[in-house]
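Residue numbers (our numbering): 50 to 313. All C-beta atoms in this analysis are idealised placements derived from N, C-alpha and C, irrespective of residue type, glycine included. Below is one structure, written out as structure tokens, with a few remarks after it.
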Ligand code: AMP
Ligand code: ZN
């Protein structure tokens, strides 16, 4: 698998040896594996983890990641969601569902992206690496297709376009299936949690995952590659500054402020 990741990095020109790379760590198998592989390949990596304050689940993930990073000799920055936004993720999701009608993993995704970008900038990062894998990407394609979201595809792919205010997001596991990553993490005996997020139930993503259950890795790869060819010709739009928080945004108010506005 290390050879495969190296191949993807080279083929898509994802990283430079001089880059300061921040790996976004959830504590799961994907981000842990990508951190380990990049470190072994000799890249300049640090970890960044958002403590979502999901009770014991977050506590265990955080403890295990602290130990993992310390053993690997990697600096880990931890962002406390309560200090950052005033509440844990469950409360935020509940309020946003009540007041904005937004459900599922989308709220969590918007908040994570906002905090990761803000903190990666503070850490002086050139690139943010996430652990998104082939299964995640195939789900994204199918979900966007079914919702008629074509524009979102403009920034898909293993390497986000470089845009002012955004630290470039990179996905070295883009073409590697979840099964393969799980096997790798288990073979390496990584002391991490393998369970899915306890909040991810009854969501569109979970339904899509079930639908994909019988797809082979080859089929998933075909779907994602086909979408990438379509996305190549799409425009992701201009970037401006959010009127509320000053972070980069495609609209007058960024998605995070739009979502979090109902908490204020
Ligand atoms: P998910 O949205 O949970 O499927 O996670 C996708 C990717 O986002 C992971 O592979 C990580 O790189 C990153 N990520 C998820 N949760 C966190 C977190 N709590 N802190 C930092 N990065 C995260
Ligand atoms: Zn904002």
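I need the DSSP call for residue i, collapsed to helix, strand or coil.
| i | result |
| --- | --- |
| residue 208 | strand |
| residue 268 | helix |
| residue 301 | coil |
| residue 284 | coil |
| residue 351 | Here the chain covers residues 50 to 313 and nothing more, so residue 351 does not appear. |
Please confirm whether residue i and residue j have their CB atoms less than 9 Å apart.
| i | j | result |
| --- | --- | --- |
| residue 222 | residue 57 | yes |
| residue 192 | residue 254 | yes |
| residue 247 | residue 166 | no |
| residue 218 | residue 170 | no |
| residue 227 | residue 182 | yes |
| residue 172 | residue 133 | no |
| residue 241 | residue 104 | no |
| residue 90 | residue 123 | no |
| residue 224 | residue 207 | yes |
| residue 215 | residue 156 | no |
| residue 290 | residue 190 | no |
Rounded C-beta distance between residue i and residue j? I'm assuming under 8 Å.
| i | j | result |
| --- | --- | --- |
| residue 113 | residue 179 | Wrong, their Cβ atoms sit about 18 Å apart, outside the cutoff. |
| residue 164 | residue 128 | 6 Å |
| residue 233 | residue 50 | 5 Å |
| residue 93 | residue 68 | 7 Å |
| residue 71 | residue 95 | 5 Å |
| residue 138 | residue 101 | 4 Å |
Where in the stretch 149-231 do unbroken runs of the alpha helix (DSSP H), each at least 4 residues long, occur, reported from the N-terminal end onward?
155-171, 183-196
Mind listing, in chain order, the continuous beta strand (DSSP E) runs of no fewer than 3 residues lying wholly within the stretch 61-104?
69-73, 93-100
As a quick check of your reading: which residues have a C-beta less than 5 Å from at least one non-hydrogen atom of the ligand AMP, in chain order?
73, 75, 79, 80, 98, 99, 179, 180
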